[in-house]
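*Asks:*
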Amino acid sequence: MQTDDTMARWLRALLPAALCALDPAGCGGVRLRAQAGPARDAWLAQLRALLPPGTPLRRIPLDAPDARLLGGLDLAATLRAGRPVAERGLLVEAHGGVVLLAMAERISSAAAARLTAVMDEGVVVMLRDGMEAREAAEFGVIALDEAQGDDENLPAALCDRLACIVDLEGLRAGDCPQLPFDAGHIAAARARLPTVSVSPVVIQSLGAAAQAFGVDSLRAFMLAVRAARAAAALDGRDQVGEPDVTLAAQLVLAPRATQCPASAAEAPADASPEAAAPDQPPDSTPAEAAPPPGDAGGEQRDEQKDDRPADLQQPLEDRVLDAVRAALSPDLLAHIRLAGGRLPRARSAGRSGALRGNGQRGRPVGVRKGRPGGGLRLSVIDTLRAAAPWQVLRRRQGMPATRVAVRPEDFRIVRYRQRTQTTTIFVVDASGSSALHRLGEAKGAVELLLADCYVRRDRVAVIAFRGTRAELLLPPTRSLVRAKRSLAGLPGGGGTPLAAGIEAGWSLADALRRQGDTPTLVLLTDGRGNVARDGLGGRARAEQDAQAAARRVRASALRTLFIDTSPRPHPSAQSLAAGMGALYAPLSAADAQGISRLVKQAGAQSAGQNG
Amino acid sequence: MSQAFPFSAIVGQDEMKQAILLSAVDPSIGGVLVFGDRGTGKSTAVRALAALLPKMRAVEGCAYQCDPDEVASVCPVCSAAAASRRARLVPVPVVDLPLGATEDRVVGALDLERALTRGEKAFEPGLLARAHRGFLYVDEVNLLEDHLVDLLIDVAASGENVVEREGLSVRHPARFVLVGSGNPEEGELRPQLLDRFGLSVEVSTPTDLPTRVDVVKRRDAFERDRAGFCAQWSGRDAKLRRRIVGARERLPAVRVPDAALEQAARLCMQLSTDGLRGELTLVRAARALAAYDGDDEVGDAHLRRIAPSALRHRLRRDPLDESGSGVRVARAVDELLPA
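Read top to bottom, the protein sequences are chains A and B.
Okay, so the first sequence: first residue is 393 according to our numbering, each after it adds one.
Okay, so the second sequence: first residue is 406 according to our numbering, each after it adds one.
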């Protein structure tokens, strides 16, 4: 029984490899969630075996420079030829094949944007280093996602373009079955793919399933259609049939589900009409009840009607829904229930800051004269530029005519500027002891601080604690909109797990610091913990744990601001603040400007200390 | 290059399409910013524009595609005494600024080839020159390096590109409509940049099933047979093109009565937008809309329809206000210009 289950999971994990090998650019690719290890190697080995001979497979290292990714000036060839010679980028080399993106969860959103722009256009437009080229680059991306936990995530823009999400968690390489295809099958299926037709019924039922499971992205819907087509081609069919549709829905839509519709048997508890759509009688499907707005051609609606005999179409929609429901993992269902019906939108890390360092990395901000070496990098193009106007002259002075004469005084080296990015982490006490009306004021204070962070282009993160645990409401982001949204939905009440809150703030700050960020912790609480770290009640132990957590904050010399939200400042809060080496400010005394000034002060001290 | 998705086949997103069409009618409106969800056809709409626009007359042999009827030009080619004034028809440029482009290719720089092989100092025009009299599109504008965005906005506002580097000193015309798009979840644009765009539209993923199914069906049909799909929609695109041409001809004659100017001023005061740029854009866009609709006078109806796009990005940011700025504009419009 156990092995059958494992086998089925493995097969479902491997099918995306086949679909991606078949139609890499169409399917966008696969997000492969797994730690580096034998299971992932087994998956990749199967993918490699499926790629028809001659299909390129390129591995992109994390933070590959633009010159390598998109192409640039080939210095050696340029010097040899005495005229500019372009070097092809990795993405152009991968045309028609697959790109492996290592440690995809750590890719910067800027790098992801370059990649997605090429995926959308199927073309690399290289406008760099005084050169210009336009070359086809259609490929699928296998994003090797090694994220562990909430604070690491694949950029949403990239995720949105990858059809399948595969999770190898808990699968062992030893159990990996062999797919019943080989590269020959894939090549034949590739030839068949353009002729596979998709009926409107299929599109309709995939659209209904996407809607019912709360998959908002239109791209996901489109990718599901393409996956269904690829599945039909793989199976040797000329028309997309039910097995292809259910498979596509399971592979593409199920991992993206943010809600679970009531099945036909249950009462339609969900308020949204879309989710209830499958419950409607066959003669009033949404498509017919509401005519498409805009300039939708009349002929298209007629064609829909013709192709959707009520007795045939409804069951397909239902069967697709059932298939997706069956493919939902139990944790996802639990998550959906916890979140009250809907999961938050996909979180993007929004990580765009450069690492702090010694001034030899970061964003290039220009060039200056100088010698390369000792960590300083030669800016080839600017060196050549500096040398270029003198060429004719130097040749007359006896330099060989076939080479570019570069002299040491031409050398230009790149200047980098470090952006020391500041992230302000708000740890908000949402417990009952903090008294609900004070929670409102705390929210207000945070919102004022947010406006301030927005002006300074800082990132913010929000952690809330109540009941028995702390929760990361908002991973570091620069988006004010999302910060507001996460605060607005913050409920209050329950015990005060102060230690857990401080610890959550500390560990996020620590993670950020390791990424090269400058974190500042802002704690809003009354300092009266009554839930210990293990989730059990008891004021004495809770305070002990809170003090322990505070010492940890102090030990890592983290800059912290403690805002006491209680109406009458209490000595225990002050001693806790002192314990973590924080600036202490009672909310009752501090006005908005005052708090904002304190945050700035805390940030400045922190920057001074670390930089 | 492969054919672009036809403009008229884009389902819904009427505000975005209106803003793009109006800036084609009157480029002086000052560019469009499209912000919103992923996969809502932002890039598709802009790239479709190229096929939609009527061709324009340009001076033969001029690298900057100058207008032969323009007399006082800063163009170094056309201002030369012996320049020919022969004209030819060329497509209106819609130029994409790819992420990862280096500044030298955007602004223009020393021609590397000639410098390397012949030791000559020659200027090679960049993207800004190519976009002259057309559109410059920046996808993910919020991810572009700040110094590049500053430069684009500056050139777009002044209409000419001045290059002073590497011993070169070149001035050439670069009047273009800047179109930016992005996703607010990736980070926001600096407020001072927001204000430089004429119109700003917000797009969101359609939520009703028939529309969504329509979008995917058309996309699928397009991908399977690009040429056939484009041919199928070419009639509608041609109709839009004729409408743009008609609106351009009508534009100079469209009257803006004092009452409309007053209404625009009142609206801007009510919303306390900073500076006069909001008012100016509102009136210009309303005039373009009137021309596009075939009316010869700007009325309240035009102001009402264009106010959200023209003003939503100019409001003072209020982080405590939960409702979006679009809602605030709509509220003010309802109050001052009841339908």
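The beta carbon of each residue, even a glycine, is placed where N, CA and C say it ideally should be.
#1: Which of the three DSSP states, helix, strand or coil, is assigned to Pro457(A)?
#2: Using a Cβ cut-off of 7 Å (strictly closer), state whether Arg631(B) contacts chain A.
#3: Grouping DSSP H, G and I as helix and E and B as strand, with all else coil, what is Gln631(A)?
#4: Counting contacts by CB-CB distance shorter than 7 Å, is Gly481(A) in contact with chain B?
#5: Out of Val568(B), Ser433(B), Leu656(B), which one is the CA nearest neighbour of Asp509(B)?
#6: For a test of the three-state rule: what should DSSP assign to Tyr469(B), helix, strand or coil?
#7: Tell me which residues share the same chain as Met972(A) and place their Cβ nearer than 6 Å to its Cβ, disregarding the 5 neighbours each side in the sequence.
#8: Does the separation of the CB atoms of Ala938(A) and Gly921(A) fall below 7 Å?
#9: Consult DSSP for Asp419(B) and reduce its assignment to one of helix, strand or coil.
#10: Might you give, ordered along the chain, the residues of its own chain that have their beta carbon closer than 8 Å to the beta carbon of Leu560(A), omitting 5 neighbours on each side?
#11: Is Phe803(A) close to chain B, meaning its C-beta is less than 7 Å from at least one C-beta of that chain?
#12: So, using beta-carbon positions, are Leu643(A) and Pro408(A) closer together than 7 Å?
#13: Below 9 Å between beta carbons is the criterion; list the residues of the region 515–538 of chain A that meet it against any residue of chain B, in chain order.
#14: Are any of the Cβ atoms in chain C nearer than 7 Å to that of Gly585(B)?
#15: Could you check what DSSP says for Glu591(B) in three-state terms: helix, strand or coil?
#16: Nearest-angstrom Cα distance between Ala773(A) and Leu465(A)?
#17: Residues of chain B with a CB under 8 Å from the CB of Ile595(A): which are they?
#18: Considering only DSSP beta bridges, list what Pro578(B) is partnered with.
#19: Please name the residue, chosen from Gly886(A), Thr910(A), Lys835(A), Arg905(A), that lies closest to Arg877(A) on a Cα-to-Cα basis.
#20: Return the residue from the list Leu583(B), Glu591(B), Asn566(B) that minimises the CA-CA distance to His577(B).
#21: What does a CB cutoff of less than 7 Å around Ala696(B) pick up in its chain, not counting 5 residues either side in sequence?
#22: Whose C-beta lies closer than 6 Å to the C-beta of Val500(B) among residues of the same chain, with five residues either side of it excluded?
#23: Is the CB of Thr449(B) under 7 Å away from at least one CB in chain A?
#24: Hey, how far is the Cα of Ala693(B) from the Cα of Arg553(A)?
#25: Leu504(B) versus chain A: which residues are under 8 Å apart at the beta carbon?
#26: Are the C-beta of Arg475(A) and some C-beta of chain B separated by less than 7 Å?
#27: Distance check for Phe531(A) and Gly881(A), CA to CA, integer angstroms please.
#28: Excluding the five sequence neighbours on either side, which residues of its own chain have a C-beta within less than 6 Å of the C-beta of Val497(B), listed in chain order?
#29: Can you pull the DSSP bridge partners for Phe954(A)?
#30: Name the two residues that bound the continuous beta strand (DSSP E) containing Val515(A).
#31: To which residues does DSSP link Phe528(B) through a beta bridge?
#32: Name the DSSP bridge partner or partners of Asp544(B)?
#33: Identify the continuous beta strand (DSSP E) that holds Arg624(B) and give its terminal residues.
#34: If I measure Cβ to Cβ from Asp701(B) and keep anything under 8 Å in the same chain, skipping five residues before and after, which residues do I get?
#35: Mapping the DSSP letters down to three states, classify Phe412(B) as helix, strand or coil.
#36: Return the bridge partner residues of Ile773(A) from the DSSP annotation.
*Replies:* On the basis of the supplied data:
#1: Within the first sequence, residue 457(A) is the residue found at index 65, counting from 1. When DSSP states are grouped into helix, strand and coil, Pro457(A) belongs to the coil group.
#2: Walking along the second sequence from the start, residue 631(B) turns up at place 226. For Arg631(B), the answer is no, since every Cβ of chain A falls outside 7 Å of its Cβ.
#3: Start at 1 with the first residue of the first sequence, and residue 631(A) comes out as number 239. Reduced to three states, the DSSP call for Gln631(A) is strand.
#4: In the first sequence, residue 481(A) corresponds to position 89, counting from 1. No - not a single Cβ of chain B is within 7 Å of the one on Gly481(A).
#5: Within the second sequence, the letter at position 104 stands for residue 509(B). It is Val568(B) whose Cα lies nearest to the Cα of Asp509(B).
#6: The count along the second sequence starts at 1 and reaches residue 469(B) at position 64. Of the three classes helix, strand and coil, the one that applies to Tyr469(B) here is coil, per DSSP.
#7: If you number the first sequence from 1, residue 972(A) lands on position 580. If we look at Met972(A) and ignore the five residues flanking it on each side, its Cβ neighbours are Ala942, Val945, Arg946, Thr952.
#8: Walking along the first sequence from the start, residue 938(A) turns up at place 546. Walking along the first sequence from the start, residue 921(A) turns up at place 529. Yes, Cβ-Cβ distance for Ala938(A) and Gly921(A) is below 7 Å.
#9: As a first step, residue 419(B) must be located in the second sequence, where it is residue number 14. Correct three-state label for Asp419(B): helix.
#10: Along the first sequence, read from residue 1 onward, the residue named residue 560(A) stands at position 168. Correct list, in chain order: Ala405, Leu424, Arg425, Ala426, Ala431, Arg432, Trp435.
#11: In the first sequence, the residue the question calls residue 803(A) occupies position 411. Phe803(A) has a beta carbon lying at 7 Å or more from every beta carbon in chain B.
#12: By one-based count along the first sequence, residue 643(A) stands at place 251. By one-based count along the first sequence, residue 408(A) stands at place 16. With contacts defined by Cβ atoms closer than 7 Å, Leu643(A) and Pro408(A) form a contacting pair.
#13: Val515, Val516, Val517, Met518, Leu519, Arg520, Asp521, Gly522, Met523, Glu524, Arg526
#14: The structure shown contains no chain C; its protein chains are A and B.
#15: Stepping through the second sequence from its first residue, residue 591(B) is reached at position 186. Correct three-state label for Glu591(B): helix.
#16: As a working mapping, residue 773(A) is identified with position 381 in the first sequence. As a working mapping, residue 465(A) is identified with position 73 in the first sequence. Rather than Ala, the amino acid found at residue 773(A) in this sequence is Ile. Going from the Cα of Ile773(A) to the Cα of Leu465(A) covers about 8 Å.
#17: Position 203 of the first sequence holds residue 595(A). Those within 8 Å of Ile595(A) in chain B are Val618, Val621, Lys622, Asp625.
#18: Position 173 of the second sequence holds residue 578(B). According to DSSP, Pro578(B) bridges with Glu565(B).
#19: Here residue 877(A) refers to the residue found at position 485 when the first sequence is read from its first residue. It is Lys835(A).
#20: The count along the second sequence starts at 1 and reaches residue 577(B) at position 172. Measuring from the Cα of His577(B), the nearest candidate turns out to be Asn566(B).
#21: On the second sequence, residue 696(B) is found 291 positions in, with the first residue counted as 1. Excluding sequence neighbours, Ala696(B) sits near Val430, Ala652, Arg655, Leu656, Val659.
#22: Counted from its first residue, the second sequence places residue 500(B) at position 95. Closer than 6 Å at Cβ, skipping near neighbours: Leu532, Arg535, Ala536, Leu541.
#23: Numbered from its first residue, the second sequence carries residue 449(B) at position 44. False, the Cβ-Cβ gap to chain A never drops below 7 Å.
#24: As a first step, residue 693(B) must be located in the second sequence, where it is residue number 288. As a first step, residue 553(A) must be located in the first sequence, where it is residue number 161. Answer to the nearest angstrom: the Cα atoms are 37 Å apart.
#25: Locating residue 504(B) in the second sequence gives position 99, where the first residue counts as 1. Result: Ala502, Ala505, Arg506, Ala509.
#26: Here residue 475(A) refers to the residue found at position 83 when the first sequence is read from its first residue. Yes - at least one Cβ of chain B is within 7 Å of the one on Arg475(A).
#27: On the first sequence, position 489 is the one that residue 881(A) refers to. On the first sequence, position 139 is the one that residue 531(A) refers to. So the alpha carbons of these two residues sit roughly 40 Å apart.
#28: Counting from one through the second sequence, the residue named residue 497(B) turns up at place 92. Leu458, Met461, Gly539.
#29: For this step, residue 954(A) is matched to residue 562 along the first sequence. For Phe954(A), the pairing in a beta bridge is given by DSSP as Leu915(A), Tyr976(A).
#30: What you label residue 515(A) is simply residue 123 of the first sequence in a count that begins at 1. Unbroken beta strand (DSSP E) run through Val515(A): 515–520.
#31: As a position in the second sequence, residue 528(B) is number 123, starting the count at 1. Note: Phe528(B) sits in a beta bridge opposite Leu515(B).
#32: Counted from its first residue, the second sequence places residue 544(B) at position 139. DSSP output for Asp544(B) lists no bridge partner at all.
#33: For the purposes of this step, residue 624(B) is taken as residue 219 along the second sequence, with counting starting at 1. First-last for Arg624(B): 614–629, but that is the alpha helix (DSSP H), not the beta strand (DSSP E).
#34: Taking the first residue of the second sequence as 1, we reach residue 701(B) at position 296. Arg655, Ala658, Val659, Arg660, Ala695, listed in sequence order.
#35: Start at 1 with the first residue of the second sequence, and residue 412(B) comes out as number 7. Three-state DSSP puts Phe412(B) in a helix.
#36: For the purposes of this step, residue 773(A) is identified with residue 381 of the first sequence, where counting begins at 1. Answer by DSSP bridge pairing: none, since Ile773(A) is not bridged.
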